[in-house]
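Asker: Dropping a structure here in structure tokens format, bear with me for questions.
There are 2 protein chains.
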Amino acid sequence: MIPGPYLLYLGNSRDEVGIKTSRGLAVFRPEECVGEFRHDDCPLTLGLTRLTIAQAVAAGAKTLVLGIVNAGGKLAPTLVEDAEAALAAGLHVASGLHHRLKDEPRLAAAASRHDRLLFDVREPPADVPVGTGAPRAGRRLLTVGTDCSVGKMYTTLLLEKAMRARGLRADFRATGQTGILIAGSGVPLDAVVADFISGAIEQLSPPRDDGGWDLIEGQGSLFHPSFAGVSTGLLHGAQPDALVICHDPVRAHMRGVPHFKLPDIGACLEANIRVAQLTNPAVQAVGIALNTSAMPRDEAAALCADITQRFDLPCTDPVAFGVSPIIDRLLQCFAP
Amino acid sequence: MIPGPYLLYLGNSRDEVGIKTSRGLAVFRPEECVGEFRHDDCPLTLGLTRLTIAQAVAAGAKTLVLGIVNAGGKLAPTLVEDAEAALAAGLHVASGLHHRLKDEPRLAAAASRHDRLLFDVREPPADVPVGTGAPRAGRRLLTVGTDCSVGKMYTTLLLEKAMRARGLRADFRATGQTGILIAGSGVPLDAVVADFISGAIEQLSPPRDDGGWDLIEGQGSLFHPSFAGVSTGLLHGAQPDALVICHDPVRAHMRGVPHFKLPDIGACLEANIRVAQLTNPAVQAVGIALNTSAMPRDEAAALCADITQRFDLPCTDPVAFGVSPIIDRLLQCFAP
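Protein sequence lines, in the order shown, are assigned to chains A and B.
According to the working numbering, the first sequence is numbered sequentially starting from 1.
According to the working numbering, the second sequence is numbered sequentially starting from 337.
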């Protein structure tokens with residue numbers, strides 16, 4: 001677990017997409033975020049108090065989170081300098097970057113010198129077992145999608161928040177770097193060796209008998225020619241009781257592969273149910289989550305209503321309209 | 337490429353299953369095998385001349401192949417000593433073991449001292465791209481299976497041999513350590529990071545325009561709860577024109593997971609066609625390969641005839657009865 005609360009790093013970032021991990025933390029773990037750190041030339045803000053490293057330490061911060069994406073996968077000199085200063089000031093440093101902090105000699109030395117920790121969340125756990133598919137106790141929901149980056153993490157986190165607000169036990173299980181930083185733990189599935197995909201998920205979401213739900217963050221898509229292997233292993237390892245299908249209704253083609261069209265929701269639903277049945281024959285779909293941020297609100301509402309009727313499944317935009325109808329259906333299918 | 341010819345290592349092995357990689361080489365690359373190396377306490381033989389390291393060098397051997405499985409994943413002291421002696425005598429050393437030769441300081445030092453190479457075939461290539469699914473030239477056949485270890489490598493290699501005997505261009509593309517040692521190159525798919533499974537296969541089997549076939553060695557099974565992610569990425573990356581379904585008719589349950597039954601051939605056929613269609617909508621099954629080694633020959637022949645009729649696909653045991661009917665069907669479906 002990464003010690004909170006956090007100081008969120010924006011550095012010199014100039015690109016809104018590049019700070020999505022820091023933003024995810026600010027949105028989903030506001031109580032863990034004491035402020036943001038940015039240089040004078042950074043035009044972006046998360047709406048948090050701008051703090052120096054010394055101010056953040058005084059405010060109780062325990063970890064500097066490098067929640068940014070770096071072009072080219074290398075650690076920029078400024079970023080290394082800032083991280084080194086944070087370690088010297090008594091903060092741990094966490095990163096979702098491809099390039100590992102531990103592989104940067106200056107940071108490894110500074111962490112050792114100041115007795116602080118470096119968290120590389122893209123580093124897979126060392127002891128991942130091979131999956132077994134053996135039935136395990138507890139209830140699990142998995143978000144799946146017609147494509148990558150269609151809102152699976154947001155949907156899963158919003159389900160957690162809304163279920164907890166209803167007094168239900170529900171725990172987000174992270175499978176990507178942003179989710180891991182938000183949750184404080186998880187498995188970076190894109191860094192696990194191929195033979196261990198389902199095993200990594202069995203380990204992430206062990207048996208539970210408290211009546212609560214594990215809400216597992218999906219990855220990729222069965223219809224994505226680059227990543228369907230990951231999605232398949234994730235479905236088998238998750239052994240889900242419930243699936244939520246995520247979809248972006250305005251996307252022109254599969255992400256990164258312009259020669260592939262998105263599947264329609266029905267085909268996606270059917271394929272995911274079929275694959276999931278290998279390890280849980282009783283799996284059911286309980287909802288459809290759309291990202292309608294690019295549509296007028298009335299059109300978005302009409303589309304949700306239309307899809308709800310077409311598939312006899314609650315369809316909503318979790319950000320715009322909430323996830324209540326999906327939780328209602330979940331509770332209807334699986335009495336607490 | 338691993339320089340041949342080879343000296344095949346049995347060492348102190350006492351278990352027939354443990355020497356399957358050395359045996360695979362003796363069966364499929366006899367022209368590359370000058371002899372076998374075994375200690376006095378090894379009761380096994382590949383039927384090759386027993387040679388000392390010095391005799392093997394004199395006979396023209398270029399590489400000692402450690403084609404054995406080691407319990408516990410560690411390199412035994414005797415094995416390290418033998419490999420060191422081979423390096424000193426002028427041989428390269430190749431290994432399909434989990435534990436890498438390069439990580440054994442004595443061997444790394446000896447290889448450097450004697451200017452010899454260490455080949456760790458379980459080490460994935462460093463520059464694997466993400467798969468794209470973009471259509472590519474050439475024809476590809478992939479073996480798939482109802483389970484792991486049902487004869488996919490043997491079937492693929494026997495298809496290569498028989499197609500070449502008919503004057504066709506056909507090249508085995510290895511995806512496992514035994515296949516890689518037999519072929520001299522390939523990709524150890526079980527060691528590739530999850531996001532790169534399909535990309536690794538696209539790289540292994542690049543476009544070809546000489547009218548020949550790439551015969552890609554399958555791995556795992558869509559129905560195996562541990563490894564279906566690998567099989568899915570392999571299907572997408574292979575972009576196969578033709579599939580051959582491999583099956584063991586006497587196996588009681590899925591390998592390693594006793595709570596899972598084998599799927600029937602029809603379900604396996606249908607699922608593989610459906611997944612393969614994502615990157616090649618025109619994919620066709622061209623045959624069924626059984627491992628009937630545990631059955632009386634007449635029963636095996638009757639079973640093949642029965643399955644041939646049931647699925648309207650040529651069914652054979654490649655080892656017992658050859659692969660001719662499958663090649664006939666392949667040529668019928670895909671005119672040269």
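Every residue gets a Cβ at the ideal spot worked out from N, C-alpha and C, and that includes glycine.
Just so we're clear, the structure is a prediction, and the values are computed from it rather than from any experiment.
State the CB to CB distance for the pair glycine 565 (chain B) and threonine 232 (chain A), rounded to an integer number of angstroms; the pair is presumed to be in contact (CB under 8 angstroms).
Answerer: The residue given as residue 565 (chain B) occupies position 229 in the second sequence. The residue given as residue 232 (chain A) occupies position 232 in the first sequence. Right, their Cβ atoms sit about 5 angstroms apart.
Asker: What residues of chain B sit near phenylalanine 223 (chain A), judged by a beta carbon separation below 9 angstroms?
Answerer: In the first sequence, residue 223 (chain A) corresponds to position 223, counting from 1. Within 9 angstroms Cβ-Cβ: Leu614.
Asker: Kindly say whether histidine 259 (chain A), judged by its beta-carbon, lies nearer than 8 angstroms to any beta-carbon of chain B.
Answerer: For the purposes of this step, residue 259 (chain A) is taken as the residue at position 259 of the first sequence. Chain B, which has a Cβ nearer than 8 angstroms to the Cβ of histidine 259 (chain A), makes this yes.
Asker: 8 angstroms is my cut-off, CB to CB: does aspartate 451 (chain B) come that close to chain A?
Answerer: Start at 1 with the first residue of the second sequence, and residue 451 (chain B) comes out as number 115. With 8 angstroms as the cut-off, aspartate 451 (chain B) does not count as an interface residue toward chain A.
Asker: Do threonine 482 (chain B) and leucine 570 (chain B) have their CB atoms nearer than 8 angstroms?
Answerer: Indexing the second sequence from 1 puts residue 482 (chain B) at position 146. Indexing the second sequence from 1 puts residue 570 (chain B) at position 234. Result no, Cβ atoms of threonine 482 (chain B) and leucine 570 (chain B) do not sit closer than 8 angstroms.
Asker: Since alanine 527 (chain B) meets chain A, which of its residues come closer than 7 angstroms, beta carbon to beta carbon?
Answerer: Here the question's residue 527 (chain B) lines up with position 191 in the second sequence. Neighbours of alanine 527 (chain B) on chain A, chain order: Val193.
Asker: Just to confirm, are glutamate 84 (chain A) and arginine 116 (chain A) a CB contact at a threshold of 8 angstroms?
Answerer: Position 84 of the first sequence, counting from 1, holds the residue named residue 84 (chain A). Position 116 of the first sequence, counting from 1, holds the residue named residue 116 (chain A). Contact: no.
Asker: Look at the Cβ atom of glutamate 538 (chain B), then the Cβ atom of threonine 468 (chain B), and state whether they are nearer than 8 angstroms.
Answerer: Here the question's residue 538 (chain B) lines up with position 202 in the second sequence. Here the question's residue 468 (chain B) lines up with position 132 in the second sequence. Yes. Within cutoff.
Asker: Using a C-beta cutoff of 8 angstroms, does glycine 11 (chain A) count as contacting chain B?
Answerer: Translated into positions along the first sequence, residue 11 (chain A) becomes position 11. Output row for glycine 11 (chain A): interface = no.
Asker: Per DSSP, what kind of secondary structure is isoleucine 365 (chain A) in: helix, strand or coil?
Answerer: Residue 365 (chain A) falls outside the range modelled here, since chain A spans only 1 to 336, and no answer is possible.
Asker: Quick one: residues in its chain with C-beta nearer than 6 angstroms to the C-beta of isoleucine 2 (chain A), no 5 flanking neighbours on either side, listed in chain order?
Answerer: For the purposes of this step, residue 2 (chain A) is taken as residue 2 along the first sequence, with counting starting at 1. Cβ within range, chain order: Thr63, Ala94, Phe119, Gly184.
Asker: Taking C-alpha atoms, which residue in B:Arg587, B:Leu517, B:Leu551, B:Ile533 lies nearest to phenylalanine 227 (chain A)?
Answerer: To locate residue 227 (chain A), count along the first sequence from 1; it is residue 227. Measuring from the Cα of phenylalanine 227 (chain A), the nearest candidate turns out to be B:Ile533.
Asker: Output the distance between the C-alpha atoms of tyrosine 6 (chain A) and proline 125 (chain A), rounded to the nearest integer angstrom.
Answerer: Position 6 of the first sequence holds residue 6 (chain A). Position 125 of the first sequence holds residue 125 (chain A). The alpha-carbon atoms of tyrosine 6 (chain A) and proline 125 (chain A) are separated by roughly 23 angstroms.
Asker: Which residues of chain A have a Cβ atom closer than 7 angstroms to the Cβ of threonine 568 (chain B), listed in chain order?
Answerer: Residue numbering aside, residue 568 (chain B) sits at position 232 when the second sequence is read from its first letter. The contacting residues are Ala228, Gly229, Thr232.
Asker: Just to make sure I have the definition right: I need the residues of chain B whose C-beta is within less than 7 angstroms of the C-beta of alanine 134 (chain A). Which are they?
Answerer: Here residue 134 (chain A) refers to the residue found at position 134 of the first sequence. Per Cβ cutoff of 7 angstroms: His595.
Asker: Cα separation between leucine 639 (chain B) and isoleucine 265 (chain A)?
Answerer: As a working note, residue 639 (chain B) is residue 303 in the second sequence. As a working note, residue 265 (chain A) is residue 265 in the first sequence. Cα to Cα, leucine 639 (chain B) sits roughly 41 angstroms from isoleucine 265 (chain A).
Asker: Kindly give me the distance between the Cβ atoms of glutamine 284 (chain A) and alanine 242 (chain A), rounded to whole angstroms, as I take these residues to be in contact under 8 angstroms.
Answerer: Start at 1 with the first residue of the first sequence, and residue 284 (chain A) comes out as number 284. Start at 1 with the first residue of the first sequence, and residue 242 (chain A) comes out as number 242. With a Cβ gap of about 6 angstroms, glutamine 284 (chain A) and alanine 242 (chain A) count as contacting.
Asker: Taking 8 angstroms as the CB-CB cut-off, is glycine 138 (chain A) touching chain B?
Answerer: In the first sequence, counting from the first residue as 1, residue 138 (chain A) sits at position 138. Output row for glycine 138 (chain A): interface = no.
Asker: State the DSSP-derived secondary structure class of threonine 414 (chain B), mapped to helix, strand or coil.
Answerer: For the purposes of this step, residue 414 (chain B) is taken as the residue at position 78 of the second sequence. If DSSP states are grouped into helix, strand and coil, threonine 414 (chain B) belongs with the helices.
Asker: Tell me the residue span of the beta strand (DSSP E) that contains threonine 308 (chain A).
Answerer: Within the first sequence, numbered from 1, the residue matching residue 308 (chain A) stands at position 308. Element bounds for threonine 308 (chain A): not the beta strand (DSSP E) but the alpha helix (DSSP H), 297-311.
Asker: In chain order, what residues of the same chain lie with their CB nearer than 8 angstroms to the CB of histidine 253 (chain A), ignoring the 5 residues before and after it?
Answerer: On the first sequence, position 253 is the one that residue 253 (chain A) refers to. Cβ within range, chain order: His259, Phe260, Lys261, Leu262.
Asker: So, for isoleucine 53 (chain A): in the same chain, excluding its five sequence neighbours on each side, which residues have a beta-carbon less than 8 angstroms away from its beta-carbon?
Answerer: Counted from its first residue, the first sequence places residue 53 (chain A) at position 53. Leu7, Phe37, Leu64, Asp82, Ala85, Ala86, Ala89, Leu91.
Asker: What is the residue span of the beta strand (DSSP E) that valine 393 (chain B) lies within?
Answerer: Taking the first residue of the second sequence as position 1, residue 393 (chain B) is located at position 57. Valine 393 (chain B) -> not in any beta strand (DSSP E); alpha helix (DSSP H) instead, spanning 389-394.
Asker: Between aspartate 195 (chain A) and the rest of its own chain, which residues show a CB-CB distance below 8 angstroms, the 5 nearest in sequence each way excluded?
Answerer: Reading the first sequence from its first residue, position 195 is the one you call residue 195 (chain A). The answer, listed in chain order, is Val130.
Asker: Report back the beta-carbon spacing between alanine 240 (chain A) and leucine 141 (chain A) to the nearest angstrom; my notes put them in contact at under 8 angstroms.
Answerer: Taking the first sequence and counting its residues from 1, the one referred to as residue 240 (chain A) is at position 240. Taking the first sequence and counting its residues from 1, the one referred to as residue 141 (chain A) is at position 141. The question names alanine, but residue 240 (chain A) is proline in the sequence shown. Rounded, the Cβ-Cβ distance is 6 angstroms, consistent with contact.
Asker: Span of the alpha helix (DSSP H) holding arginine 372 (chain B)?
Answerer: Locating residue 372 (chain B) in the second sequence gives position 36, where the first residue counts as 1. The question names arginine, yet the displayed sequence has glutamate at residue 372 (chain B). Element bounds for glutamate 372 (chain B): not the alpha helix (DSSP H) but the beta strand (DSSP E), 369-374.
Asker: Check leucine 117 (chain A) in the structure and name its three-state DSSP category.
Answerer: Here residue 117 (chain A) corresponds to residue number 117 of the first sequence, with the count starting at 1. If DSSP states are grouped into helix, strand and coil, leucine 117 (chain A) belongs with coil.
Asker: Buried or exposed: where does valine 593 (chain B) fall if 16 or more other Cβ atoms within 10 Å of its Cβ makes it buried?
Answerer: As a first step, residue 593 (chain B) must be located in the second sequence, where it is residue number 257. Valine 593 (chain B) should be labelled buried.
Asker: Classify glutamine 277 (chain A) as helix, strand or coil using the three-state DSSP reduction.
Answerer: Here residue 277 (chain A) refers to the residue found at position 277 of the first sequence. Looking at glutamine 277 (chain A) - three-state DSSP - the assignment turns out to be coil, as it is neither helix nor strand.
Asker: When burial is assigned at 16 or more other CB atoms within 10 Å of the CB, is histidine 39 (chain A) buried or exposed?
Answerer: Start at 1 with the first residue of the first sequence, and residue 39 (chain A) comes out as number 39. Histidine 39 (chain A) comes out exposed.
Asker: Which runs of the beta strand (DSSP E) fall wholly inside the segment 120-199 of chain A and span at least 3 residues, in chain order?
Answerer: Complete beta strand (DSSP E) runs here, min 3: 139-145, 170-173.
Asker: So, with DSSP's three-state summary, where would you put leucine 222 (chain A)?
Answerer: Within the first sequence, numbered from 1, the residue matching residue 222 (chain A) stands at position 222. Coil at leucine 222 (chain A), not helix or strand.
Asker: Could you list the residues in the segment 338-368 of chain B with a C-beta less than 8 angstroms from some C-beta on chain A, going in chain order?
Answerer: Under the 8 angstroms Cβ criterion, the segment 338-368 of chain B contributes no residue.
Asker: Which stretch, first to last residue, makes up the beta strand (DSSP E) that contains threonine 232 (chain A)?
Answerer: Position 232 of the first sequence, counted from the first residue, corresponds to residue 232 (chain A). Segment 228-238 is the alpha helix (DSSP H) holding threonine 232 (chain A); no beta strand (DSSP E) there.
Asker: From what residue to what residue does the alpha helix (DSSP H) around leucine 666 (chain B) run?
Answerer: Translated into positions along the second sequence, residue 666 (chain B) becomes position 330. Segment 660-669, the alpha helix (DSSP H) holding leucine 666 (chain B).
Asker: Can you list, in chain order, the residues of its chain whose CB lies under 8 angstroms from that of glycine 554 (chain B), leaving out five sequence neighbours each side?
Answerer: Within the second sequence, numbered from 1, the residue matching residue 554 (chain B) stands at position 218. Leu478, Thr479, Val480, Gly481, Lys488, Thr492, Thr511, Ser567, Leu570, Cys582, listed in sequence order.
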